[in-house]
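S.K.: For reference, the structure I am asking about is given below.
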Amino acid sequence: MLTALEVFTTVVVGVMVGVEFSVAFVINPILNALPGDSGQLGRAHGGRMLGAVMPVWYITSLILVAVWAIAGWHHHGTGLVVTAGALLILSVIMSILLLVPINNRGKTWTPDNRPADWKQQMNRWDRLHYVRVAVIIAAFALLVAALN
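For the sequence shown, my numbering assigns the number 735 to the initial residue and increments by one for each residue that follows.
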């Protein structure tokens, strides 16, 4: 049963990492290259869509890691799992304090109501998101290492 939990948790976190990596290095660069207002409209729509899904995914991942750490407390690799959990907690804190406020503003913007500094705000979100992606990649790598 523990093995199934370990594999399921690693897959859930891994897919989350893939989505966030794709946002950082594929989707947003594509949106930024679109002409006119298309990129900003796309980012607003993406902010609404992913802003609804990702919080649940992050919290579910964190809960699964916590259950893994508790269930496997006396097994090899628990320290790696606990460290991965700490990194996921850091990613949630970063999200709540730094990224979500920008996303909440950005998802309501249209070409008619966006602020003059909207590009700077999106660039700040992107920079913070790169850090968050690095943090969750590290958490994922620790979970993979804990599978041994």
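Positions of the beta carbon are idealized from the N, C-alpha and C atoms, including for glycine.
A quick note: this is a predicted structure, and the numbers were derived from the prediction, not measured.
Specify, as a first and last residue, the run of the alpha helix (DSSP H) that MET788 falls within.
M.R.: Taken as a continuous stretch (DSSP letters only), the alpha helix (DSSP H) holding MET788 covers 772-805.
S.K.: Throw me the rounded Cβ distance for the GLU740 and LEU881 pair, which I believe falls under 8 Å.
M.R.: Going by Cβ atoms, the distance from GLU740 to LEU881 rounds to 6 Å, so yes, they are a contact pair.
S.K.: Going by the beta-carbon positions, is the gap between VAL749 and THR794 smaller than 8 Å?
M.R.: Taking 8 Å as the Cβ cut-off, VAL749 and THR794 do not qualify as a contacting pair.
S.K.: I think GLN855 touches ILE836, with their Cβ atoms under 8 Å apart; what is that distance to the nearest whole Å?
M.R.: Their Cβ separation, rounded to whole angstroms, is 6 Å, which keeps GLN855 and ILE836 in contact under 8 Å.
S.K.: Where do the ends of the alpha helix (DSSP H) carrying HIS808 lie?
M.R.: It is not in any alpha helix (DSSP H) - HIS808 carries neither H nor E in the DSSP assignment.
S.K.: Could you work out which residue in SER825, ILE797, GLY781 and ILE764 is closest to ALA873 when comparing CA atoms only?
M.R.: Measuring from the Cα of ALA873, the nearest candidate turns out to be SER825.
S.K.: Taking Cβ positions, are ILE827 and VAL751 nearer each other than 8 Å?
M.R.: No. Outside cutoff.
S.K.: Helix, strand or coil for TRP843? Go by DSSP, reduced to three states.
M.R.: The answer is coil: DSSP assigns TRP843 none of H, G, I, E or B.
S.K.: How about ALA778 and VAL799: are their beta carbons less than 8 Å apart?
M.R.: No, these two residues do not count as a Cβ contact at 8 Å.
S.K.: Less than 8 Å between the C-beta atoms of LEU862 and LEU832, yes or no?
M.R.: Against a cut-off of 8 Å, the Cβ pair of LEU832 and LEU862 comes out as a contact.
S.K.: Please check the pair LEU784 and GLY776, which I expect to be a contact at CB under 8 Å, by giving their CB distance rounded to whole angstroms.
M.R.: Not a contact, Cβ separation roughly 12 Å.
S.K.: Report, in whole angstroms, the separation of the C-beta atoms of ILE761 and GLY781, which I expect to be a contact under 8 Å.
M.R.: That pair is no contact at about 11 Å.
S.K.: Taking only three categories from DSSP, how would you classify ASN766?
M.R.: The answer is helix: DSSP assigns ASN766 an H, G or I state.
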